[in-house]
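Let me begin by presenting the structure, written as structure tokens, before commenting on it.
Residue numbers (full-length UniProt numbering): 1 to 529.
Written out as structure tokens, the structure reads:
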């Protein structure tokens, strides 16, 4: 990769690197299509920047040499796709022919026989995948470290994690080494790195984009994973979704509903009816994250939207009895078996230790801790899994009943979308495995299978830090104390909100995200005048 960059630069001196890197995706695509920018210049500019970023934060897992011959092939094509000439980054487990998909495990060093559907469609639209990005071991963690490729750190603060499991993507894009990247999300893995790194990220409804050729380390029962885009602005996500939701993807994967991107919904400016809440009642997030919801609520109200208080029902029940019990119906034995074939990454040891506890001991511990540590008791019980298939069917039915109740509550309030918090600011390295329950705000919408996105709206202030010093949480238990330590020293780090829509309404979700982004940007600009 370094040799390729050096060779290109020696033949093409004086490239306006900073100007190219500062272009938003929509403008970059326009210049590439008009031929005012060469795709060669753009690729090698981003390659050079990605090298610089990964030397600092270790976010690139592997370079994709095929991007160079593909670039030459692209230039010969008469028809220019919607992402013509755009170099993009992809998460470790997204299949690319001839390359590894590891999921952070040393024994998963398998070479893919063909491109995933996502890669095929991206290439058809003129995009050029040029690097794979790093992930946590197993993908089921929101730090970003594994024993094969090491620890990725946050480019905004190297003592902090970029989040996970799409942490390499978050770090590379935030560092400026990629203009558009792809992550996956089964519990918050797109939204958490976006929150921690100050990016925009979209988790679509599972099934809206093809996951054919995207490797799973193990199959989560009942909870559906999805892939989605990450970038520095919402328009980039919208352009990406418009490019992907095309006839070519629907032909390649007939399991994907043939619903093209509805630009009219995304461009609509009709005032919205927006539900909002600042806590899900399961995990009280830091003051800055709740402040972000209320400041955004105020801006939306002033802009003419209607804001309605909305409380998601029984989140503790969803997290324990549906998400964790349904996802780990086998008591976590499949995931544990994968760790037992490998050296366990230090960042994941607390998580693996919990999986190793025998079922009987989990039940005894749950009974013992129920009164003074109820959330841990709930997780321990849930991690015991189910006894038989009948119990698994019961959880599936409970999920359908809960989803129906949630949608009825949504419609009773006549909501278009919901504004709510997302976990943040960025944690110190190693802390995510100690408090998996802290991601309840994102896990909820994986269980429901609603599209949800994250938009950065402000930064942590000194006042937030002072308020956090008084933080007790909802229970004052070990998890609340751990959260307090995890987010210390965060002044200046990004603070985001989460935007949610009903299933298959990605365009409306993005439209809401765009509104939030525009209003918060205007507010930030006022502060600098």
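Here a beta-carbon is modelled for each residue, glycine too, at the ideal position from N, C-alpha and C.
- Within the same chain, Cβ atoms closer than 8 Å to the Cβ of residue 435 are found at 479, 482, 483 and 486, the five residues on either side in sequence being excluded.
- Between residue 151 and residue 244, the C-beta gap is not smaller than 9 Å, which leaves the two residues out of contact.
- Here residue 215 is buried. Its C-beta has 16 or more other C-beta atoms within 10 Å.
- Judged by their CB atoms, residue 509 and residue 451 are nearer to each other than the 9 Å cut-off.
- Annotation: the continuous alpha helix (DSSP H) that includes residue 46 extends over 39 to 57.
- Ranking 87, 477, 136 and 440 by CA distance to the CA of residue 167 puts 136 first.
- Inter-residue distance for residue 43 and residue 15 is about 12 Å (C-alpha atoms, whole angstroms).
- The beta carbon of residue 403 lies closer than 7 Å to those of 448 in the same chain, with the five residues before and after it left out.
- The residue among 415, 460, 56 and 496 with its C-alpha nearest the C-alpha of residue 293 is 496.
- Remark: C-beta atoms of residue 134 and residue 61 approach each other more closely than 9 Å.
- Here the alpha carbons of residue 340 and residue 355 stand approximately 11 Å from one another.
- Among the bridge pairs identified by DSSP, residue 158 is matched with none.
- Minimum Cα-Cα distance from residue 58 among the listed residues 171, 256 and 310 corresponds to 171.
- For residue 146, the three-state secondary structure derived from DSSP is strand.
- Distance from the CA of residue 470 to the CA of residue 246, rounded to the nearest whole angstrom, comes to 51 Å.
- Of the candidates 503, 300, 280 and 242, the residue whose Cα lies closest to the Cα of residue 270 is 300.
- Residue environment for residue 267: exposed (fewer than 16 other C-beta atoms within 10 angstroms of its C-beta).
- Contact between the stretch 496 to 506 and the stretch 418 to 432 is present: 3 or more CB-CB pairs across the two stretches fall below 8 Å.
- Given a length threshold of 4 residues, each whole run of the alpha helix (DSSP H) inside the stretch 454 to 505 is given here in chain order: 462 to 469 and 478 to 486.
- Taken through DSSP and simplified to helix, strand or coil, residue 191 comes out as helix.
- The stretch 59 to 92 contains, as complete alpha helix (DSSP H) runs of 4+ residues, the segments 67 to 76 (chain order).
- Along the length of the stretch 354 to 418, whole alpha helix (DSSP H) runs at least 4 residues long occupy 359 to 369, 374 to 382 and 389 to 412, reported in chain order.
- Using a Cβ distance threshold of 9 Å, residue 90 and residue 96 count as a contacting pair.
- Judged by DSSP in its simplified three-state form, residue 208 adopts coil rather than helix or strand.
- In its chain, beyond the 5 residues on either side, 491 have a beta carbon closer than 7 Å to the beta carbon of residue 462.
- If you look at residue 440, you'll find it in the alpha helix (DSSP H) that goes 440 to 448.
- Cβ contact annotation for residue 45 (same chain, cutoff 7 Å, sequence separation greater than five): 15, 17, 20 and 21, in chain order.
- Just so you know, the alpha carbons of residue 238 and residue 264 end up roughly 12 Å apart.
- Taking all protein chains in view, the Cβ of residue 203 is crowded by 16 or more other Cβ atoms within 10 Å, so the residue is classified as buried.
- Secondary-structure assignment with DSSP links residue 200 through a beta bridge to 231.
- Here residue 105 is buried, its C-beta having at least 16 other C-beta atoms within 10 Å.
- Beta-bridge partners of residue 110 (DSSP): 101.
- For residue 246, the secondary structure class from DSSP, reduced to helix, strand or coil, is coil.
- Beta-bridge partners of residue 276 (DSSP): 309 and 419.
- By the beta-carbon neighbour count (other beta carbons within 10 angstroms, threshold 16), residue 47 is buried.
- For residue 121, the enclosing alpha helix (DSSP H) begins and ends at 117 to 124.
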